[in-house]
Amino acid sequence: MSATTDHSPDNGWTALATLEIASGEKTLPASRCLQIYRLMARARALEECMIKMSKSGQGYFWIGGPGEEAFNTCLGLLVKKGCGPAYDYLHLHYRNSATLIAMGMPLLDGIRQMAMRVTDPHSRGRNFAGHYACHPWNVIPVTSVIEVQYVMAPGTALMQKRHEGGNGITIVVGGDAGTAEGDFASCMIWSSRPGNELPVLMIVTNNGYGISTCASSQHAEHAMIERGKPFGIPGEVVDGNDPIQSWHALLRGMDYCRQKRRPYMIEAHVSRLHGHSSSSGALRIKTEPDCLTLFGAQLVAAGVLDERECEEIQNRAAAEAAAALEKALSEPNPTVEDIRRHVYAPSTVDVVYPDDYTGLPS
Amino acid sequence: MATMVQAVRMALHYGETYLGVTDIFGEDVGPPLGGVFTATQGLKTAWNSPLDERGIVGMAMGIAYAGGRPVAEIQFCDYGFNTIDLLKVAGNQHWAGNGHYNLPMVLMTPSGSGIRGSLYHSHSFESWASRLAGWKVVMPSTPLDAYGLMLSAIVDPNPVMVLLPKALLRVRGEQKLPGEPEDEEELKARIDAPVGDRSNWQPRWPDLKPYYVPIGEATLCRAGDAATVCSYGRTLPLCVQAADQIREETGQGCDVLDLRSIFPYDWKTLSQSVQKTGRLLVVNEDTEVTNFGEHLLRRVIDEHFYDLLVKPRLLMGRHVPGIGLNQVYEQNTVPQLPLIKETLRALIAEPA
Ligand SMILES: Cc1ncc(C[n+]2csc(CCOP(=O)(O)OP(=O)(O)O)c2C)c(N)n1
Chain S
1191 MSATTDHSPD NGWTALATLE IASGEKTLPA SRCLQIYRLM ARARALEECM
1241 IKMSKSGQGY FWIGGPGEEA FNTCLGLLVK KGCGPAYDYL HLHYRNSATL
1291 IAMGMPLLDG IRQMAMRVTD PHSRGRNFAG HYACHPWNVI PVTSVIEVQY
1341 VMAPGTALMQ KRHEGGNGIT IVVGGDAGTA EGDFASCMIW SSRPGNELPV
1391 LMIVTNNGYG ISTCASSQHA EHAMIERGKP FGIPGEVVDG NDPIQSWHAL
1441 LRGMDYCRQK RRPYMIEAHV SRLHGHSSSS GALRIKTEPD CLTLFGAQLV
1491 AAGVLDEREC EEIQNRAAAE AAAALEKALS EPNPTVEDIR RHVYAPSTVD
1541 VVYPDDYTGL PS
Chain A
299 MATMVQAVRM ALHYGETYLG VTDIFGEDVG PPLGGVFTAT QGLKTAWNSP
349 LDERGIVGMA MGIAYAGGRP VAEIQFCDYG FNTIDLLKVA GNQHWAGNGH
399 YNLPMVLMTP SGSGIRGSLY HSHSFESWAS RLAGWKVVMP STPLDAYGLM
449 LSAIVDPNPV MVLLPKALLR VRGEQKLPGE PEDEEELKAR IDAPVGDRSN
499 WQPRWPDLKP YYVPIGEATL CRAGDAATVC SYGRTLPLCV QAADQIREET
549 GQGCDVLDLR SIFPYDWKTL SQSVQKTGRL LVVNEDTEVT NFGEHLLRRV
599 IDEHFYDLLV KPRLLMGRHV PGIGLNQVYE QNTVPQLPLI KETLRALIAE
649 PA
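Residue numbers (this note's numbering), protein chains in the order written: chain S, 1191 to 1552; chain A, 299 to 650.
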């Protein structure tokens, strides 16, 4: 990774505006890189705050995506964000906080969920961290059940393919171990039915593990994306720790799905910087590459930032998370009445529960 | 009169024509077959899916998330067991996601015994389904109720499972559907696909009218003071026959309740009837460990212990791994008319 233009910090903003940062053959404008870096830092700050919460008792179980910020931030920035089939649908798993942050979610909302507050807009204090649901942004509720998002994805994509004049696509994300579930195969089959191909971008974030089980001990396939070949689903493997490469891989995949209205696969190699979850201790793993450090160093080398500015960005992100934590902790817990809320949507044909669940039929 | 399977087909036609149903799909649901029981012949939104029950449920969820109104079919409930975790997710997503999404999907599947279906075409599903919080589960026992419950299932914005009793799918009703032609033969000529080549066949749908059976409302098939009989699905008409025969023999009449909705069930009607009669028989054919009828009995005992004159009865399927093909197995594994009648007679006769 290197800068294509010689740039010294005192060239100021004019130079920054035209500067391109490169990785291999591909480049991104420095301003975009800076935006990505800042978002990655905020996503990292959220994860680190939540890990602390899991240890201090301010939250319980933690699971999340430190080590996936580079790829997931690019995904969030590239999504065609909106509501309904004209926009992209996101079927995510539990390591996608950076995607939501890049889409515009305040850190506060992630922390509200970790703190189980009634103000948690995604699950009302019900679900684990990173289990987002956001109707205005087409984010389908994240569930802990591995891989089920892959069988729902063809459904939203079908509605998008039919949507006149639309180019919305369906993006589905999961881990490498989960691809062993039949749901992954279902997604390939349902997305490639002859004459009924669907715009599904199937993403596998490959961190090499399912909890403690090493991928190489269970999977003979050289790359997950090779499984797409017999179905005519093209794909590529990308270094998910490299935001510039990730950006372009995502662009290629999205463009393909948008224009051809057919499926595409991306396998992103990512790090797992705090192990699987709080259940495995969530300790920092020093041996895996850290995308935030790497990208920071690249931007410093390119003269986009100096080290002090890098630190400042991270400190600001940590302060934002700390303030969000303070706010979230001041907010109310759910009440006993909340237990039943939103079991059912209001129905005109249900004489027992016209509005919502009210306990056993009376 | 229409059969139940014709009634379902007409409800789906009404649904796709007037109620916004976008997709009716499943294994062999589209042309040329139109469903293994013919429930989906001639429908304009019907299509064939891969042989993948999890894929079918997931596809329905995705369509519903994106604003469509799917009716998905699991060909036999016997093949729905590998979808249970997806059904759990479908039932909990509105709640887990803080009400962000509604999931207006219908899952229909033939359930129960009575077609000499051996191990894998005789399962019941309602006890499993009753544990899926967030779902509504209905089970008609007449063509008219099948029509009315299907329309309600379609317009309800929550996941609704329509369990169709396999044994009753080809049985004709006693009441006409609104808009159904007078003559059975005419109906058949209009909406049943011909045997053989049907590539040029088009149905000529009658001018059907809406009819909604509210979800959560039972119907009283027979009225009487001697006892309360509560059932649904295949065993419901057997309960009616048993009650009729006993009335003929002894002059004693019973309340026979067709529950129609498994969840939410009509507690009010059941509760009032039990208070009136003090004697209760619940009949279904799902296996006895653990059975939805046990829940009804538990509530009756909790809330009407002192209203009961004698111990309540519950007839269910036996807790064995399956229903064997030889009719000695089937006849003695799930409740049949003689046992229902004998049990009801004993219930009425027991001194208070
Ligand atoms: C269907 C299912 N089985 C088991 C689990 C328990 N579990 C949670 S995460 C996990 C490993 C997932 O590994 P992978 O798909 O590679 O994703 P990663 O967590 O590594 O991102 C397992 C087995 C689960 N949540 N769902």
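All residues carry an ideal CB built from backbone N, CA and C; glycine is no exception.
Only a predicted model underlies this, so the values are computations on that prediction, with no experimental measurement involved.
Evaluate His1412/S with the Cβ neighbour count: other Cβ atoms within 10 Å of its Cβ, from every protein chain shown; 16 or more gives buried, anything less gives exposed. exposed
Complete runs of the beta strand (DSSP E) confined to the segment 1360-1394 of chain S [at least 3 residues]: 1360-1365, all fully within the segment 1360-1394 of chain S.
Length of the line joining the Cα atoms of Gly494/A and Glu483/A: 19 angstroms
Residues in its own chain within less than 6 angstroms of Ser1468/S by CB, not counting five upstream and five downstream? Closer than 6 angstroms at the Cβ level, and outside the excluded window around Ser1468/S, lie Ser1244, Phe1251 and Trp1252.
Would you kindly work out how many angstroms separate the C-alpha atoms of Ala1347/S and Tyr1279/S, rounded to a whole number? Taking the straight line joining both Cα atoms gives about 8 angstroms.
If the criterion is Cβ atoms closer than 8 angstroms, does the pair His1321/S and Tyr1284/S meet it? yes
Where DSSP assigns a beta bridge to Arg520/A, which residues make up the other side? Paired residue(s): Val554/A.
Three CB pairs or more closer than 8 angstroms across the segment 448-462 of chain A and the segment 474-482 of chain A: They do not touch, by the three-pair rule.
Per DSSP, which residues does Ser1436/S bridge with? Please list them. Paired residues: none, contrary to the question.
Between Val469/A and the rest of its own chain, which residues show a CB-CB distance below 7 angstroms, the 5 nearest in sequence each way excluded? Thr301 and Met302
As a quick exercise: from Ile1529/S, Ala1514/S and Met1392/S, pick the residue whose alpha carbon is nearest that of Gly1365/S. Met1392/S
Quick one, which of Met1293/S, Val1332/S, Ser1552/S and Ala1375/S has its alpha-carbon nearest Gln1303/S's? Comparing C-alpha distances from Gln1303/S to each of Met1293/S, Val1332/S, Ser1552/S and Ala1375/S shows the shortest one belongs to Val1332/S.
Identity of the residue in Gly549/A, Cys552/A, Leu595/A and Arg429/A nearest Trp565/A by Cα: Leu595/A
Chain-ordered chain A contacts of Trp1380/S [CB-CB under 7 angstroms]: Pro348, Gly353 and Met357
Terminal residues of the alpha helix (DSSP H) in which Arg367/A lies: Taken as a continuous stretch (DSSP letters only), Arg367/A belongs to no alpha helix (DSSP H), as it is neither H nor E.
Under three-state DSSP, which class holds Thr343/A? coil
Within 10 angstroms of its Cβ, does Asp350/A collect 16 or more other Cβ (buried), or is it exposed? Buried, since its Cβ has 16 or more Cβ neighbours within 10 Å.
Given a cut-off of 8 angstroms, decide if Gln339/A and Asp505/A are closer than it, judged by their beta-carbon atoms. no
So, does the CB of Thr1195/S fall closer than 8 angstroms to a CB anywhere in chain A? Here the model assigns Thr1195/S a pLDDT of 45, short of 50, so the residue's position is not dependable and the matter cannot be decided.
At a threshold of 7 angstroms, does Tyr1399/S count as lining ligand 1 (C-beta to nearest heavy atom)? yes
Under the criterion of a Cβ to heavy atom distance below 7 angstroms, does Thr1395/S qualify as lining ligand 1? For Thr1395/S, the distance from the CB to the nearest heavy atom of ligand 1 is below 7 angstroms.
Less than 8 angstroms between the C-beta atoms of Leu534/A and Ser422/A, yes or no? Judged by beta-carbon spacing, Ser422/A lies beyond the 8 angstroms limit of Leu534/A, meaning their Cβ atoms are not closer than that value.
Tell me the DSSP bridge mates of Pro1280/S? Inspection of the sequence shows that residue 1280/S is occupied by Leu rather than by Pro. Paired residue(s): Val1329/S and Ile1361/S.
Quick check for students: name the residue ranges of the beta strand (DSSP E) that lie wholly in the segment 1264-1311 of chain S, counting only runs of 3 or more. 1279-1281
Contact list for the segment 386-409 of chain A against chain S, Cβ threshold 7 angstroms: Val387, Gln391, His392, Trp393, Ala394, Gly395, Asn396, Gly397, His398, Tyr399 and Asn400
Between Asn1286/S and chain A, is any beta-carbon pair separated by less than 8 angstroms? no
Using a threshold of 7 angstroms, is the CB atom of Gly1365/S nearer than that to any non-hydrogen atom of ligand 1? yes
Gly1368/S: CB within 7 angstroms of a non-hydrogen atom of ligand 1: Between ligand 1 and Gly1368/S, a heavy atom-to-CB distance of less than 7 angstroms is present.
Check for me: the beta strand (DSSP E) holding Cys528/A runs from which residue to which? In this chain, the beta strand (DSSP E) harbouring Cys528/A covers Thr526 to Ser529.
Please compile the residues from chain A whose C-beta is within a distance smaller than 8 angstroms of the C-beta of Gln1350/S. Ala364
Top-ranked residue by Cα proximity to Met1230/S, from Phe1261/S, Lys1242/S, Ser1221/S and Gly1249/S: Phe1261/S
For a test of the three-state rule: what should DSSP assign to Gly353/A, helix, strand or coil? helix
Give me, in chain order, the residues of the same chain whose beta-carbon lies closer than 8 angstroms to that of Tyr563/A; leave out the 5 immediate sequence neighbours on both sides. Gly514, Ala516, Leu557 and Leu594
Leaving out five residues on either side along the sequence, give the residues of the same chain with a beta carbon under 6 angstroms from the beta carbon of Asn1397/S. Val1460 and Arg1462
Does the beta-carbon of Lys609/A have 16 or more other beta-carbons within 10 angstroms, so that it is buried, or is it exposed? exposed
Which residues in the same chain as Gly1425/S place their Cβ atom closer than 6 angstroms to its Cβ, once the five residues preceding and following it in sequence are excluded? Ile1415, Gly1418 and Met1455
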